[in-house]
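Going by the working numbering, the sequence shown opens with residue 9, and the numbers climb by one from there. In this text, a Cβ means the ideal position worked out from N, Cα and C, and glycines have one as well. The structure displayed is predicted, hence computed values, not measured ones.
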Amino acid sequence: MAATQRFHLVLIKPTHYDADGYPIQWRHNWIASNSLACLHALALDCRERRVLGDDTEIVVHAMDEICQRIPVDELLGQIRADGGRALVSLVGVQSNQFPRAVDVATPFLDAGLPVIVGGIHVSGCIAMLPELPPDLLEAQARGISFFAGEAEQGRFAEVVREAQAGQLKPVYNFLDAPPEIQGEPVPVLPREILEGSGWGDMSIFDMGRGCPFVCTFCTIINVHGRKSRFRTPDDLERIVVQNHAMGVHQFFITDDNLARNRNWEALFDRLIRLREERGIQLRLQVQVDVQAHRIPGFIDKAVAAGVDQVFMGLESVNPDNLAGAGKKQNHIEEYREMMLAWKRHPVVLIGAYIIGFPNDTPESIRGDVEFLKRELPLDLVYFTVMQPLPGSKDHQQLWEKEVWMDPDMNKYDTTQPVMAHPKMSAAELQGAYLDAWRRFYTFEHMETIFRRMFALGSNKKLTTANRLFWFSYFYPYMGIHPIDGGIHPIRKRRDRRPSLPRENPLLFYPRNLVRVAMQELTSRLHMYRVRRLMQKVRNDPATANYRDVAITQTEPREQAA
Numbered sequence: 009m010a011a012t013q014r015f016h017l018v019l020i021k022p023t024h025y026d027a028d029g030y031p032i033q034w035r036h037n038w039i040a041s042n043s044l045a046c047l048h049a050l051a052l053d054c055r056e057r058r059v060l061g062d063d064t065e066i067v068v069h070a071m072d073e074i075c076q077r078i079p080v081d082e083l084l085g086q087i088r089a090d091g092g093r094a095l096v097s098l099v100g101v102q103s104n105q106f107p108r109a110v111d112v113a114t115p116f117l118d119a120g121l122p123v124i125v126g127g128i129h130v131s132g133c134i135a136m137l138p139e140l141p142p143d144l145l146e147a148q149a150r151g152i153s154f155f156a157g158e159a160e161q162g163r164f165a166e167v168v169r170e171a172q173a174g175q176l177k178p179v180y181n182f183l184d185a186p187p188e189i190q191g192e193p194v195p196v197l198p199r200e201i202l203e204g205s206g207w208g209d210m211s212i213f214d215m216g217r218g219c220p221f222v223c224t225f226c227t228i229i230n231v232h233g234r235k236s237r238f239r240t241p242d243d244l245e246r247i248v249v250q251n252h253a254m255g256v257h258q259f260f261i262t263d264d265n266l267a268r269n270r271n272w273e274a275l276f277d278r279l280i281r282l283r284e285e286r287g288i289q290l291r292l293q294v295q296v297d298v299q300a301h302r303i304p305g306f307i308d309k310a311v312a313a314g315v316d317q318v319f320m321g322l323e324s325v326n327p328d329n330l331a332g333a334g335k336k337q338n339h340i341e342e343y344r345e346m347m348l349a350w351k352r353h354p355v356v357l358i359g360a361y362i363i364g365f366p367n368d369t370p371e372s373i374r375g376d377v378e379f380l381k382r383e384l385p386l387d388l389v390y391f392t393v394m395q396p397l398p399g400s401k402d403h404q405q406l407w408e409k410e411v412w413m414d415p416d417m418n419k420y421d422t423t424q425p426v427m428a429h430p431k432m433s434a435a436e437l438q439g440a441y442l443d444a445w446r447r448f449y450t451f452e453h454m455e456t457i458f459r460r461m462f463a464l465g466s467n468k469k470l471t472t473a474n475r476l477f478w479f480s481y482f483y484p485y486m487g488i489h490p491i492d493g494g495i496h497p498i499r500k501r502r503d504r505r506p507s508l509p510r511e512n513p514l515l516f517y518p519r520n521l522v523r524v525a526m527q528e529l530t531s532r533l534h535m536y537r538v539r540r541l542m543q544k545v546r547n548d549p550a551t552a553n554y555r556d557v558a559i560t561q562t563e564p565r566e567q568a569a
């Protein structure tokens with residue numbers, strides 16, 4: 009039976025505002041959204057299964073605002089032309105993206121369309137707080153519904169059916185029963201999003217959810233639960249084959265800790281088989297904990313499967329900081345042993361490091377950064393500011409004690425203070441954060457990183473150079489975290505945050521032209537300097553014999569004071 013009517017399903021992953029109040033947007037950003045990939049797959053499944061009946065065609069629109077402008081007028085026109093039936097879903101909304109999500113929703117609400125918001129901010133607040141915070145209450149008063157938890161096992165289809173019937177609930181709370189994800193529709197993004205994310209050859213997916221650890225700053229355990237749930241090797245093959253058909257062979261696996269996936273060996277074996285039998289040359293970025301090297305065979309099989317970039321949460325080199333944050337699984341004395349186990353292979357190592365623990369001071373942070381540079385064979389460090397993110401135990405405890413936290417969720421991007429620090433003013437903490445980026449990514453230290461890389465026999469020269477450019481450029485030069493970075497910035501005068509005045513066009517356009525030109529010039533120059541440095545080190549005969557304490561299998565020295 010041919011469909012006689014249409015229902016539009018609009019999926020939008022919002023960006024967030026920069027310091028000037030404009031949405032952060034690029035022609036090409038760094039990495040795609042796994043939440044959007046998961047919801048897009050579920051939306052396509054709803055369409056294919058005709059969950060609204062044989063007489064209704066579901067039209068799916070999926071957009072990632074960080075690399076795409078949302079064509080609001082065009083979407084509204086299409087929806088009106090097809091009878092005015094639609095559901096607008098803001099997906100994967102983080103705390104710093106929630107204000108922008110509400111602003112994106114406004115014209116759709118004004119047009120009388122149902123809007124629902126899901127993601128870590130909504131889920132975290134509902135999971136950990138006794139009542140909705142003011143920003144969620146305000147959004148709810150404007151007619152926005154909320155989705156808390158995960159959408160597999162028919163939950164998203166339920167929302168779509170009720171939206172089509174005009175019966176969308178104010179809140180859908182599935183937090184108490186995280187769904188199994190094996191055999192569910194696998195994450196997939198449309199080609200137009202992939203063209204803007206990762207330069208068209210990189211996508212993203214998850215193989216498992218949930219985490220057994222109890223880190224107080226983390227939201228994962230309170231939103232996805234502490235019970236681990238996994239996709240199967242067959243699911244993994246479907247993901248790879250679908251993306252291979254679109255010319256995509258690089259992936260970021262978003263699992264918070266892939267090493268804790270009990271099926272890791274079967275997953276790696278399947279990837280190895282796909283590489284050997286079908287010639288699919290995969291490149292993978294994964295996240296693991298600092299104990300992964302103790303799992304027999306894990307590193308060797310990971311590399312054979314295509315892993316060449318590894319992200320790990322060091323968080324701190326101060327034992328008191330780790331203990332206070334519940335990160336008891338991290339043992340600083342083992343950091344170098346763990347990293348050198350990976351460095352037997354051509355792998356780029358990225359360490360996450362948090363600044364702003366209660367014991368931190370500007371002096372101690374400087375000492376910590378020098379320790380990282382001198383003692384550990386890290387290629388990159390991913391610095392963040394300690395923030396009580398909604399959904400974490402830290403946020404819950406401060407909320408219960410009525411401790412002041414900045415009410416502007418746009419600031420919760422892990423790059424700025426949002427609460428008082430016991431030993432530093434906000435300005436001192438902000439300055440220490442900027443200093444950490446600048447201190448680690450000096451050209452002198454980047455030269456050391458290249459020397460270590462070549463001395464250890466790695467062939468990841470361009471990957472290392474490109475990542476060093478990315479991490480050393482965006483926060484010091486642009487004031488945004490590298491994860492929010494991109495190429496060719498986009499800024500539209502009318503998109504400014506509604507709480508800020510719209511700029512005079514006679515001032516905005518010349519100023520924006522200069523801003524774009526300076527970003528293009530400084531980024532190209534910085535990239536040139538990094539790559540020239542890499543070539544200099546590569547051509548130096550002494551590089552082959554280079555050694556320092558970080559790439560020597562000995563006990564670490566005492567940390568600098």
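Start and end residues, beta strand (DSSP E) containing residue i
i: R14; result: Q13 to K21
i: D316; result: V315 to E323
i: S236; result: No beta strand (DSSP E) contains S236, which DSSP labels as neither H nor E.
i: L145; result: Taken as a continuous stretch (DSSP letters only), L145 belongs to no beta strand (DSSP E), being part of the alpha helix (DSSP H) at P142 to A149.
i: Q293; result: R291 to V296
i: T64; result: T64 to D72
i: M210; result: M210 to F213
i: H36; result: Q33 to N37
Residue i classed as buried or exposed, judged by whether at least 16 other C-beta atoms fall within 10 angstroms
i: L121; result: buried
i: K336; result: For K336, the predicted model reports a pLDDT of 49, less than 50, meaning its position is unreliable; a value from the coordinates is still stated below. The residue in question, K336, is exposed, as its Cβ has fewer than 16 Cβ neighbours within 10 Å.
i: Q404; result: buried
i: M486; result: buried
i: K351; result: buried
i: G92; result: exposed
i: F451; result: exposed
i: A267; result: buried
i: R234; result: exposed
i: D243; result: buried
i: H489; result: buried
i: P79; result: exposed
i: S43; result: buried
i: S433; result: exposed
N- and C-terminal bounds of the alpha helix (DSSP H) containing residue i
i: E436; result: A434 to F448
i: F259; result: Looking at the DSSP string, F259 is not in any alpha helix (DSSP H); the run it does join, the beta strand (DSSP E), is Q258 to I261.
i: G494; result: Counting along the chain, G494 falls outside any alpha helix (DSSP H), though it belongs to the beta strand (DSSP E) covering G494 to I498.
i: S480; result: K469 to Y481
Of the residues the options, the one placed nearest residue i, counting alpha carbons only
i: S531; options: Q161, I362 and L476; result: L476
i: F221; options: E245, F259, L183 and N265; result: N265
i: L279; options: R270, R246, P304 and M254; result: R246
i: M320; options: E436, G359 and R286; result: G359
i: R50; options: D143, E73, T560 and P198; result: Residue identity check: residue 50 is Leu in the sequence provided, not Arg. Minimum Cα distance to L50 is reached at P198.
i: I20; options: D63, V296 and A113; result: A113
i: S480; options: G157, H48 and V538; result: V538
i: V545; options: F458, P327 and R268; result: F458
i: V67; options: E511, Y30, Q105 and F15; result: F15
i: P186; options: V130, H232, I32 and L202; result: H232
i: L117; options: C133, L98 and Q105; result: L98
i: N367; options: D316, H429, E383 and L322; result: H429
i: G174; options: K500, L95 and L290; result: L95
i: A312; options: R281, V298 and D297; result: R281
i: L292; options: V256, Q299, S324 and R270; result: V256
i: I288; options: V248, A444 and V130; result: V248
i: N269; options: Q258, R286, F306 and F260; result: F306
i: F260; options: M535, A45 and R499; result: A45
Near the ligand HEM: residue i beta-carbon under 7 Å from a heavy atom
i: A119; result: The model on display carries no ligand, and the ligand HEM is accordingly not part of it.
Cβ-Cβ separation, residue j to residue i (assumed contact under 8 Å), whole Å
i: L380; j: L388; result: At roughly 11 Å, the Cβ-Cβ gap does not stay under 8 Å, so L380 and L388 are not in contact.
i: D111; j: P506; result: 6 Å
i: F155; j: I128; result: Contact flag wrong, Cβ pair sits at about 12 Å.
i: H48; j: A70; result: 5 Å
i: E203; j: Q161; result: Rounded, the Cβ-Cβ distance is 31 Å, inconsistent with contact.
i: T227; j: Q105; result: That pair is no contact at about 14 Å.
i: G29; j: L437; result: Not really, about 23 Å apart at Cβ, beyond 8 Å.
i: F182; j: E158; result: 7 Å
i: G126; j: V101; result: 7 Å
(message) Can you confirm whether the region 391-404 touches the region 126-140 when touching is taken to mean that 3 or more C-beta pairs between the two stretches lie within less than 8 Å?
(response) yes
(message) For the pair the region 150-162 and the region 408-424, tell me if three or more CB-CB distances fall below 8 Å.
(response) no
(request) Flag this pair as touching only if the region 201-215 and the region 163-182 have three or more C-beta atom pairs under 8 Å; answer yes or no. (result) no
(message) Using 8 Å as the cut-off, can you tell me whether the region 252-262 makes contact with the region 223-241, which would need three or more C-beta pairs spanning the two stretches below that distance?
(response) no
(request) Inspect the CB distances between the region 462-477 and the region 547-556 and report whether three or more fall short of 8 Å. (result) yes
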